[in-house]
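Chains as they are written, first to last, in my numbering: chain A, 3 to 298; chain B, 9 to 371.
What follows is a short report on a single structure.
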Amino acid sequence: MEKKSLKGWLYLLPALAFLAVFMIYPLFDVLVYSVEEGYNSASQTSFGIGLYNYSYVLHDPYFMQALKNTFILVIITVPLSTGIALLISVGLNSITKLKELFQTIFFLPYVTNTLAVGLVFMILFKKTAYSDGLVNLLIQSFGGTSVDFIDGPYWAKMFVLCFYTVWVVLPFKILILTSALASVNPDYYKAARIDGASRWRIFTKITLPMIAPMLFYLIITGFIGAFKAYSDAVALFGTDLNAAGMNTIVGYVYDMLYGTGGGYPSYASAAALILFAIVLTITCINLMISRKSEAF
Amino acid sequence: MKVVLQNLTKIYPSQDKGPDVTAVNNFNFEIPDGKLIGLLGPSGCGKSTTLNLISGLETPTSGKIFFGDDDVTDLPPEHRGVGLVFQSYALYPHMTVLQNILFPLENRKGKERLSKEEMNAKALEAAHLVQIEQYLKRKPAQLSGGQQQRVAIARALVKRPRVLLLDEPLSNLDARLRLQTREEIRRIQRETGITTVFVTHDQEEAMSISDQIVVMKDGIIQQIDAPQTVYDHPVNLFVAKFLGTPPINVFSGEVKDHMLYIGEDAVLKTDLEDRKVIVGIRPEGFILDENGPLKCAKIGVQVMGRDTSVVSSHPASLNDTVVSIISAENRVEGETVRFALKPFKTVLFADDTEEALDCWLSD
């Protein structure tokens with residue numbers, strides 16, 4: 003027995019070593035960085051240990067802006083994208099003609115490069131000297147006044163960012179939900195029909211509970227993904243997100259490390275750990291709710 | 009509530025350029041009020057389609073369905089008042105047993121809607137009928153197959169359906185439970201008096217509990233009658249072969265001078281004119297007799313408690329072996345076994361059409 007388990011550990015060693023070097027050590031290092039006050043990356047020295055870095059980050063207006071942006075993004079896009087994906091999936095599931103064509107079309111954004119999509123969105127929304135962008139042309143044709151979505155008011159920029167995020171995450175959610183819907187045994191629907199359940203009741207009492215595990219999976223991964231948003235904002239507003247007021251937490255971490263006026267690994271680590279704490283809390287809450295509601 | 013099927017036909021359009029499939033071909037029959045009817049046939053004979061047509065889940069290509077005097081052909085399933093028990097039971101896994109049984113009642117709207125107390129009372133009554141009161145708070149996954157089936161029956165019965173339909177109700181149960189459950193279904197049907205139709209491919213199951221069985225083949229009704237009548241007087245060779253375990257023994261035979269010959273052996277007297285026939289003999293139709301006319305070469309003897317089954321061969325047999333069941337008190341010795349035949353366990357069929365011949369037989 004002893005020998006056997008020793009052998010097992012030996013087999014695991016390469017993987018464990020890899021994990022230790024590239025996962026556990028960096029994680030631990032981030033924790034160390036975040037509590038080293040006045041760390042100098044050139045001389046690799048610090049003044050002492052403490053929570054000053056956290057305090058600095060939490061008092062930094064740029065971080066607070068990033069925190070606010072991220073929360074707005076999460077609160078708007080996760081329910082919206084999951085809801086829209088559910089709607090589209092149910093629709094897709096109930097048609098027979100052209101089903102595959104529509105499935106392919108809805109999946110296209112998934113295989114398209116984020117930055118390329120960002121560029122397309124810029125063309126749609128950006129106001130330049132020559133053109134107001136396609137969306138503004140639409141607004142004007144309905145009698146509205148054009149808005150600068152890329153360099154204009156905060157709500158307009160946030161709208162574009164949310165719109166873009168929802169658009170990018172939809173395909174994956176539709177893919178998961180259509181297969182979840184297709185895997186529900188049709189006997190349940192037949193039984194419900196014979197028992198006189200209305201379409202709405204069938205949907206809320208049977209379809210939704212049956213696909214609940216997949217919905218929760220999407221909501222949890224959706225939360226995590228949205229909290230880690232960064233590249234989307236860069237694709238739309240460029241790299242100087244602080245100036246645009248559209249920075250996210252991950253963006254803030256990146257700027258603290260490499261941005262102009264960057265080079266503060268301690269602040270970056272503190273911000274990263276704050277993000278980690280937030281995501282962990284939200285995920286735990288999500289899991290608790292999902293455990294409660296799907297006990298079968 | 010009697011159920012009448014009138015010229016009922018269901019044709020599925022062809023797929024991949026194949027021919028159209030006629031699953032149900034011009035059915036005409038009447039299910040008397042309060043009876044238990046078994047639809048019996050090999051897979052693909054259209055019995056499940058018939059059930060779905062009665063339930064309204066499928067619409068017929070032509071023909072009509074009546075419940076009593078109401079024409080329900082164009083009614084959607086929810087307005088027909090049928091209860092359907094699925095082969096998979098289709099219990100909602102996220103609901104408790106009680107919630108499952110309550111579901112049909114909660115679907116009602118407007119004036120038909122009952123108060124919470126009335127719904128609970130009805131659900132308890134249904135649960136009591138199938139004896140699952142102690143499991144009401146459990147989820148279906150926490151129940152055995154037999155218990156799940158009872159819940160499915162309770163759910164189908166709770167709204168007092170005009171017709172109860174059961175799709176292969178026993179196929180997911182093990183052998184012991186199957187015997188128990190079929191008695192249970194019989195009891196529940198008698199107690200409620202609801203006209204019940206069930207589908208099965210298991211002839212024993214159908215024979216044991218049905219008031220009448222409907223034997224089907226390729227979408228065509230072969231015979232409708234009481235189980236014993238169908239067993240004793242099959243209308244054709246298919247029905248004779250489909251019913252009974254072990255299956256009926258089939259021989260090629262000939263009538264000469266009002267004498268029935270199986271091969272060289274003159275076995276029974278008959279009133280038929282000279283012709284070639286197919287002879288069907290039930291396994292229990294053989295009598296071990298040293299001077300019996302039917303001479304078979306013995307292959308083996310299996311003693312199974314009460315009975316002995318003698319496996320032998322005969323040159324005129326159309327099956328690989330001749331299986332006869334005789335009382336276990338008999339000793340079977342020697343290479344050759346000789347049988348006398350019971351005339352009422354012997355059926356003659358036309359050698360060309362395989363239809364049963366109306367004739368008189370005696371030893």
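C-beta: ideal position from N, C-alpha, C; glycine also.
For the pair B/T316 and B/A336, the CB atoms are nearer than the 8 Å cut-off. Taken in chain order, the members of the region 191-210 of chain A whose beta-carbon sits within less than 8 Å of a beta-carbon on chain B are K192, A193, A194, R195, I196, D197, G198, A199, S200, R203, K207, I208. B/P40 is outside the set of residues whose beta carbon lies under 8 Å from a beta carbon in chain A. Neighbours of B/R116 in chain A, taken as residues at a C-beta separation under 8 Å, are given in chain order as G198. Contact between B/I228 and B/F37 is absent: CB atoms are separated by about 12 Å, not below the 8 Å threshold. With 16 or more other Cβ atoms from the protein chains shown falling within 10 Å of its own Cβ, B/K167 counts as buried. For A/N187, the chain B residues whose C-beta falls within less than 8 Å of its own C-beta are S96, A98, listed in chain order. Bounds of the beta strand (DSSP E) holding B/E38 are 29-39. Of all residues in the region 80-95 of chain B, those with a C-beta nearer than 7 Å to a C-beta of chain A are P85, E86, V90, L92, F94, reading in chain order. For B/L65, the chain A residues whose C-beta falls within less than 9 Å of its own C-beta are K192, R195, I196, listed in chain order. Annotation: A/Q46 to A/S268 spans about 12 Å, alpha carbon to alpha carbon. For A/I178 and B/I289, the gap between their C-alpha atoms comes out near 60 Å. At least one beta carbon of chain A lies nearer than 8 Å to the beta carbon of B/P112.
Fully contained in the region 12-69 of chain A are the following alpha helix (DSSP H) runs of length 4 or more, in chain order: 27-37, 54-61.
Cβ-Cβ distances below 7 Å link B/P85 to S63, G64, L65 in the same chain, with the five nearest sequence neighbours on each side left out; the list follows chain order.
In the structure shown, B/A274 adopts extended strand secondary structure according to DSSP, grouped into three states.
Shown here for A/I226: same chain residues with a beta carbon closer than 7 Å to its own, the five before and five after excluded, namely V281, T285 in chain order. When only Cα atoms are considered, B/K119 and B/P27 end up about 48 Å apart. About 5 Å separates the Cβ atoms of B/V340 and B/V309, confirming a contact at the 8 Å cut-off. For B/C53, the CB contacts under 8 Å within the same chain, skipping 5 residues up- and downstream, are M224, K225, D226, G227 in chain order. Under the criterion of beta carbons closer than 8 Å, B/I73 and B/L61 qualify as touching, at roughly 7 Å. As DSSP reads the structure, B/S370 sits in a beta bridge with B/K277. Per DSSP, the unbroken alpha helix (DSSP H) holding A/G120 starts and ends at 116-127. Counted as a single uninterrupted DSSP element, the stretch harbouring B/F74 is not any alpha helix (DSSP H) but the beta strand (DSSP E) occupying residues 70-75. Within the same chain, I51 come within 6 Å of A/V37 by CB-CB distance, once the 5 residues on both sides are set aside. When only Cα atoms are considered, B/K18 and B/N34 end up about 8 Å apart. For B/E212, the CB contacts under 7 Å within the same chain, skipping 5 residues up- and downstream, are T253 in chain order. By the Cβ neighbour-count rule, B/T237 is exposed, with fewer than 16 other Cβ atoms within 10 Å of its own.
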